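Numbering of the sequence shown is given in the UniProt record's numbering, commencing with residue 1 and proceeding in unit increments.
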Amino acid sequence: MGTLHYGTGGEASFAIDDETLLHVSAIVVAKLRRQEAFMLSVDAGEGRESLWIHPSAMLRYSFAAGAQTGLDRDRLEDMMRHANRPAGLVVEATAAVAAVARAAA
1 MGTLHYGTGG EASFAIDDET LLHVSAIVVA KLRRQEAFML SVDAGEGRES
51 LWIHPSAMLR YSFAAGAQTG LDRDRLEDMM RHANRPAGLV VEATAAVAAV
101 ARAAA
């Protein structure tokens with residue numbers, strides 16, 4: 001089980017399975033290397049949170065200790081197609097921990 005943290009203080013955190021999170025991180029790196037901002041939405045069971053991913057966005061990934069997964073080329077290509085659409089890439093947060101942690105405003 002991994003976690004995607006967004007914002008300087010981790011304003012939003014999403015629990016995502018390690019394999020999906022690894023693929024998301026590969027998409028983010030590829031898009032940002034080309035200076036391409038995009039929308040990343042996380043379905044969190046009770047709703048959807050959308051994040052604008054851009055070169056100045058603060059992102060951090062936490063992966064489960066010892067988690068070793070490889071990248072699936074077909075899955076990456078499919079995810080990249082979605083990331084290039086106006087609605088962006090949508091991933092599903094793990095249902096057991098789908099709550100969004102928010103820092104106090």
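Virtual Cβ for every residue (Gly too), placed ideally from N, Cα, C. Here the structure is a predicted model, which is why all the values come from computation and not from measurement.
Among the options, whose alpha-carbon lies nearest the alpha-carbon of residue i?
i	options	result
D18	F38, R48, V29, T3	T3
K31	P55, R48, E46	P55
A12	S25, T69, A44, M79	A44
S62	R85, F14, G9	F14
M1	E92, D78, A64, R73	A64
Since residue i sits in a beta bridge, which residues does DSSP pair it with?
i	result
H5	S13, R60
I53	F38
D43	R48, E92
Hey, would you say residue i sits closer than 9 Å to residue j, going by beta carbons?
i	j	result
H82	L71	no
H23	L76	yes
M39	A87	yes
V91	T20	yes
So residue i packs on residue j, CB below 8 Å; how close in whole Å?
i	j	result
V42	E49	5 Å
V28	L59	7 Å
Flag residue i as yes if its beta-carbon sits less than 9 Å from any beta-carbon of chain C, otherwise no.
i	result
R85	No chain C appears in this structure, which consists of one protein chain only.
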